[in-house]
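Engineer: Residue numbers (the working numbering), protein chains in the order written: chain G, 2 to 111; chain P, -6 to 107. Would you mind keeping the following structure in view while I ask a few things?
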């Protein structure tokens, strides 16, 4: 079993929809949780960074962490075609290696 | 530069050859990481440098893989006797000493072994 599980999709939704992306993890030592967006042939780009359980909002993006359930989510409101990308969850214990999920390929249809 | 720079962006090599991949991190970032991303997968950790020393090389798959960072800035990932299974995108990232939200990736080197 992988330390971080993420449904690879693909996920296709109409423009303007609310998107929900999720990851589960098994290592209770993880303290820092991140969501990255990766466009084709580009490196991952940090979208959201959270430490504690709860919600963190940044514009159209909301990251949610539930440490008791070992479950994290990313919500995208008013989705746009430019949001079409692969979304990767990642986590670690500090200034160390990140452990990534498989990534979810998302397409927003105009 | 403002970001993490990786060269070359693409590399095609023959099975059995030696390759070097270069990473130029963000100025002032003391931590540097190498990851490998296979098609349809998330990045997988290879090695982590804090300054000049390898703090964690547990992700290197075997002794054909080696990385250096002699002056605490630029790093080179070296692969000997390449195999077709080494084909992947090799990503470099750097961060300030505390990690955190300063963790920044380069665009990667796409290695193809034919």
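Backbone N, C-alpha and C fix where the C-beta goes; we use that ideal spot for every residue, glycine too. Just so you know, these numbers come straight off a predicted model, no measurement behind them.
Between the stretch 90 to 106 of chain G and chain P, which residues of the former have CB atoms less than 9 angstroms from a CB of the latter, in chain order?
Structural biologist: Per Cβ criterion, the list reads 90, 91, 93, 95, 96, 97, 98, 99, 100, 101, 102, 103, 104 and 106.
Engineer: Can you list, in chain order, the residues of its chain with a C-beta nearer than 6 angstroms to that of residue 103(G)? Leave out the 5 residues immediately preceding and following it.
Structural biologist: 7 and 9
Engineer: Are the C-beta atoms of residue 7(G) and some chain P residue less than 9 angstroms apart?
Structural biologist: True, the Cβ-Cβ gap to chain P drops below 9 angstroms.
Engineer: Measure the C-alpha to C-alpha separation of residue 87(G) and residue 68(P) and round it to an integer number of angstroms.
Structural biologist: 27 angstroms
Engineer: Whose C-beta lies closer than 8 angstroms to the C-beta of residue 14(G) among residues of the same chain, with five residues either side of it excluded?
Structural biologist: In chain order, 20, 80, 107, 108, 109 and 110 place their CB closer than 8 angstroms to the CB of residue 14(G), counting only its own chain and leaving out the 5 sequence neighbours on each side.
Engineer: Taking the C-alpha atoms as reference points, what is the distance between residue 64(G) and residue 11(P)?
Structural biologist: 42 angstroms
Engineer: Where residue 25(G) and residue 71(P) are concerned, what is the direct C-alpha to C-alpha distance, given to the nearest angstrom?
Structural biologist: 34 angstroms
Engineer: Anything in the stretch 56 to 90 of chain G with a Cβ closer than 7 angstroms to a Cβ of chain P? List those residues in chain order, please.
Structural biologist: 89
Engineer: Using a Cβ-Cβ cutoff of less than 7 angstroms, which residues in the same chain neighbour residue 77(P) once the five nearest sequence positions on both sides are dropped?
Structural biologist: Excluding positions up to five away in sequence, the list reads 8 and 106.
Engineer: Could you tell me whether the Cβ of residue -3(P) comes closer than 9 angstroms to any Cβ of chain G?
Structural biologist: yes
Engineer: Could you tell me the alpha carbon to alpha carbon distance between residue 55(G) and residue 6(P), rounded to whole angstroms?
Structural biologist: 47 angstroms
Engineer: Looking at C-alpha atoms only, which residue of 36(P), 58(P) and 46(P) is the closest neighbour of residue 85(P)?
Structural biologist: 36(P)
Engineer: Can you tell me the Cα-Cα spacing of residue 2(P) and residue -4(P), whole angstroms?
Structural biologist: 15 angstroms
Engineer: Which runs of the beta strand (DSSP E) spanning at least 3 residues fall entirely within the stretch 43 to 99 of chain G, listed in chain order?
Structural biologist: Complete beta strand (DSSP E) runs here, min 3: 46 to 51, 55 to 59, 62 to 67, 72 to 77 and 86 to 93.
Engineer: May I ask you to report which of helix, strand or coil DSSP gives residue 46(P)?
Structural biologist: strand
Engineer: Could you name the residues of the same chain whose beta carbon sits closer than 6 angstroms to that of residue 74(P), not counting the 5 residues immediately before and after it, in chain order?
Structural biologist: 9 and 57
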